[in-house]
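Comments concern the structure below.
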Amino acid sequence: MTPPDEPTPTTPGTPAHDDAGPLRPDEPGYPHGAYEEPAIETATPPSGSLKLKQRAVPDPPEIDQAQGRKAFWFVLALVVITLVVVAGVVALNVVADPYGTVGTHLFPTVTTSDRTVKADRIEALKQPPQLVVLGSSRSMRYEPSYLEKKTGLRTFNAGVNGIGGTADAWAMTQFIHEVWPDSHPAYLWMVDVESFVPFEVQARTANEPRLAKFVGAATAGKGVVQLAKAIWQNRTTEFSLDTAKDSARLLIYRKKAKNSQSKYQKQILADGVLKQRLWTKKEWSRRYPNSVQRYSDLYKNVYHKIDPQSQTYFEKTLQFMNDQGATPLIVLTPINPKLAKILNPLGRLQRHQQVVSYLESLQGKYDFKFLDLTDPSVFGFDPKQFYDGMHMTTINTEKAIDYILKKTGGVPPVKPPASGQ
Amino acid sequence: MLLNSYTFLLVFLPVVVVLYWLVPRGYPRMLFLIAASLVFYGLWDWRYIPLLLGTTLVDWAAGHYLARSAAEGASRRRKLILAAAVAINLALLGYFKYRGFFADSLDGIFRLLGADEPLSAIKVLLPIGVSFYTFAGISYAVDMFRGQYPKAKSVIHYLAWVTLFPYILAGPIIRYGHVGEQLERSQQKFRWALVGTGLFFIVMGLAKKMLVADMMAPYVNDLFSHHAHLGLWSGWAAALGYTLQLYFDFSGYSDMAVGVALMIGLRFPQNFDSPYKAVNPSDFWRRWHMTLSGWLRDYLFIPLGGSRGGAARTVRNLLLTFLLGGLWHGPAWTFVFWGLLWGVYQSVHVLAKKYGFAPRWVWLNRILTFVAATVAWVFFRASSMRAAADVLKAMAGFNGVSGEGILRVAPVLAAFIAGGLLWVNLLPNSWQIQPRPKLRYALLLGVVFATALLALSKPSPFLYVQF
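As they're listed, the protein sequences go chains A and D.
Note that the first sequence covers residues 1 to 421 in this note's numbering.
Note that the second sequence covers residues 422 to 888 in this note's numbering.
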């Protein structure tokens, strides 16, 4: 704001017009919107309304209109150079494929998630698993060694992080079947009430090409059309400077990248289970408030009904298991009663009832055994053996396993189909 | 739709520019422009299109009447029509932008008086651009009352001006007197020079936003969100970081708006003129958000009496103008205080000048003005008065040099601040660069454009869109 006693500003850069004649309105420099400033040093204008005195509004500096031909080549060159640079960066990202999104597989990815490690572990198994544990992070401490001791079945824990995740269970079963096509494992599927939140393929699954292909999140680079499709599907990743930085890092340090160890590579053991960790009060006081916040937000803002697309993946997986001759054990995972008390009024109770009704409604359609472990008091849990509101230590998971096997009469035997599907 | 989005830059803009020049001049072209602008606005939130059109028609009718009755001078009837037009615009602004703020403030007062029951919470979605198009409507009615410009040629031209997509979301605040005449002109022809210049401004603006402002934003946001833990360095880094981030963000938007407008043959006024080179508060506001400061001067400060009537009246008018200017930015006490602070700066400057206390050394004046602006931006950015006080306390050294040791100034932020300070102090601004159609410039701009486009992978609205 300019107090009127200040000099009127002049703008440098306004094109000089050295023509003798007046400017035409379509010429740069023509004083568009010139208006008048009030004659404030004099008396009020006779009409009773202020009239502003002349004040030119300068135009932006422009390319000389006489250079029309040059301007055309300038625009063309600018556009072509822009396209060339963008195309170059996209090509770099596609070749390096640092997150494994387009599946060129020329270099290792820089993002090693639990999915990558689990897929690695499955590929490294010497014999196919006879029992597979599926589920979210809450299932990751159900120890295969303990299950093997109790059932006599060689077990692999294929649980992966993330709320939701019926698509993850589908991708894991498909991947195990792809690696071990002749195996017919039994399944212990730890389902959460939150497994049916509004559906999305987890980014970590989409970024692991070995799993992504089962959930339509990525297509391996087989042919130009598929590659173009994969680039388009992942355009925000491929048309990105951030990705380009990782691509460049990957190309420069590709040996290091190959050997890099993510935290999951250290934490996830050969049978897929998470390495044991003792419960500490410090961890509880850090993690419990976070789980309260996270799940309160989820129930308040997101999870208002069970999602049909999550159901589709769930039933697709059940059908596949049945086709393979397996009768899976479906177990609703326990929740810390302290957290349940907070979440129940926010809608968890209704969602729980909906999920139970849904699972019961599937009983005639698919072959599975169902057990609701939501209330951990049924298996005599230790309230101190929760890391937070949802995740239990192995002391509690072992109690849960004992209870599951006792209540269901053990893992149902698999009857492989005669055709060997 | 954002100006800095793939949809706008790669689809909407090229299609609209090509069709704009293909459509016959005159009314068909104006109707096309209105349709394009409404699509642009509607893609943000189509539910507010009727509101935009309704206000526009009211303002057009009022302006039309005021222009036709110019012979009556400042008659009672004309004054009433003007007052009604201004009141409708302000009521609209008040309802959508300030209703919650005033209710919350009243609630606070009632609580102080001992009331237990809070007022019911009011949440109304803010129609995007409402602050800009209501100011446009007010300026048209006042200009017609004053006889400042000829009236709009038709309601079509008027609508084309109000809804004009390059500025509807976040300004600059353009008056009919500036653009209307360009819209009404029929001899405008397509020229590659216009497209070339437009591209130059778009690239400059996009680069400022994506490659400078947005690179600083995460660091600045992090510092401001930990306002209670800042030390001397981190406090200054937060304040200086935001000072530069806001400039590059908003002047980047303004450059893009100028560039987009040029591509359809319209010349917008300058909105930024190296504001951090200002030598006093008054100079700052001649260089920062020039279209807003010009608006406040012509439609608020001068009608209040301007600098007529002595120092006391001038100070009063300055304080009032800046207070309302602060409130225009948003319904929060931080904005009110920010405006008031600028009013105080301006008043101090007016008085110092009058009594001969103003320093003579240009660099000292520049430093003082810059520091004053930086302090004021702390209120503008902070989430609350308390947060602002925390940052200022840290800047004054009350929390020690490094605060609680939690927050360190990231080297990247320090580098951006150092580079940004050199840029705003030593380099010419976009309006001081004469674009030339040479291959080396095309090469340079092409690389910058591509880099900025590749930084667009995340949506990142311009800061002034929220106002």
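All residues carry an ideal CB built from backbone N, CA and C; glycine is no exception.
No experiment lies behind these values; they were computed from the predicted model shown.
- Your pair MET631(D) and ALA876(D) checks out as a contact, with CB atoms roughly 4 Å apart and the cut at 8 Å.
- Take LEU405(A), set aside five residues on each side of it, and the residues of its chain with a beta-carbon closer than 8 Å to its own are LYS150, THR151, VAL411, in chain order.
- Around the C-beta of ASN290(A), fewer than 16 other C-beta atoms lie within 10 Å, and the residue is accordingly described as exposed.
- Taking C-beta separations shorter than 8 Å and ignoring five residues to either side along the sequence, the partners of LEU147(A) in its chain run LEU131, VAL133, LEU153, THR155, LEU188, ILE401, following chain order.
- Nearest neighbour of ARG499(D) by Cα position, chosen from MET565(D), LEU434(D), TYR640(D), PRO849(D), turns out to be MET565(D).
- For ASN322(A), the secondary structure class from DSSP, reduced to helix, strand or coil, is helix.
- Beta-bridge partners of ASN157(A) (DSSP): VAL133(A).
- Where VAL331(A) is concerned, the enclosing beta strand (DSSP E) starts and stops at 329-332.
- Within the region 668-688 of chain D, the residues whose Cβ lies closer than 7 Å to any Cβ of chain A are, in chain order, VAL679, LEU683, ARG688.
- Taking all protein chains in view, the Cβ of GLN353(A) is surrounded by fewer than 16 other Cβ atoms within 10 Å, so the residue is classified as exposed.
- Sorting THR618(D), ALA808(D), ALA699(D) by C-alpha distance to the C-alpha of ASP676(D) places THR618(D) at the top.
- In the DSSP assignment, LEU371(A) is bridged to VAL331(A).
- Beta-bridge partners of MET190(A) (DSSP): GLY135(A), VAL331(A).
- The region 581-593 of chain D makes contact with the region 550-566 of chain D, as at least three CB pairs between them are under 8 Å.
- Contact check for LEU241(A) against PRO98(A) fails: the beta carbons are separated by 7 Å or more.
- Here PHE386(A) carries a strand assignment [DSSP, helix/strand/coil].
- Look at ILE268(A) here: in three-state DSSP terms it is strand.
- Listed by position along chain A, the residues whose Cβ is nearer than 9 Å to that of THR795(D) form an empty set, because the closest Cβ is around 19 Å away.
- If the five residues before and after TYR697(D) are omitted, its C-beta is found closer than 6 Å to the C-beta atoms of PHE791, VAL845, all from its own chain and listed in chain order.
- VAL75(A) belongs to the set of residues whose beta carbon lies under 7 Å from a beta carbon in chain D.
- In the three-state scheme derived from DSSP, where H, G and I count as helix and E and B as strand, LEU473(D) is classed as helix.
- Going by DSSP, TRP613(D) is part of the alpha helix (DSSP H) stretching over 613-628.
- Here SER458(D) is buried, its C-beta having at least 16 other C-beta atoms within 10 Å.
- In terms of Cβ geometry, LEU332(A) and TYR366(A) do not form a close pair [threshold 7 Å].
- Listed along chain A is no residue with a C-beta nearer than 9 Å to that of THR428(D); the closest approach is about 12 Å.
- Where VAL641(D) is concerned, the enclosing alpha helix (DSSP H) starts and stops at 635-646.
- Distance between THR872(D) and PHE621(D), taken at the CA atoms: about 15 Å.
- At a cut-off of 7 Å between C-beta atoms, GLN855(D) counts as an interface residue with respect to chain A.
- Proximity of GLU62(A) to chain D, defined by a Cβ-Cβ separation below 7 Å, is satisfied.
- For TYR674(D), the uninterrupted alpha helix (DSSP H) segment begins and ends at 653-684.
- Taking 7 Å as the CB threshold, THR618(D) lines the interface with chain A.
- In the three-state scheme derived from DSSP, where H, G and I count as helix and E and B as strand, MET392(A) is classed as strand.
- In its chain, beyond the 5 residues on either side, MET684 have a beta carbon closer than 7 Å to the beta carbon of VAL616(D).
- The continuous alpha helix (DSSP H) containing ASN93(A) extends over residues 68-96.
- Using beta-carbon distances, ALA71(A) counts as an interface residue toward chain D, with a partner under 7 Å.
- ASP97(A) has a beta carbon lying at 7 Å or more from every beta carbon in chain D.
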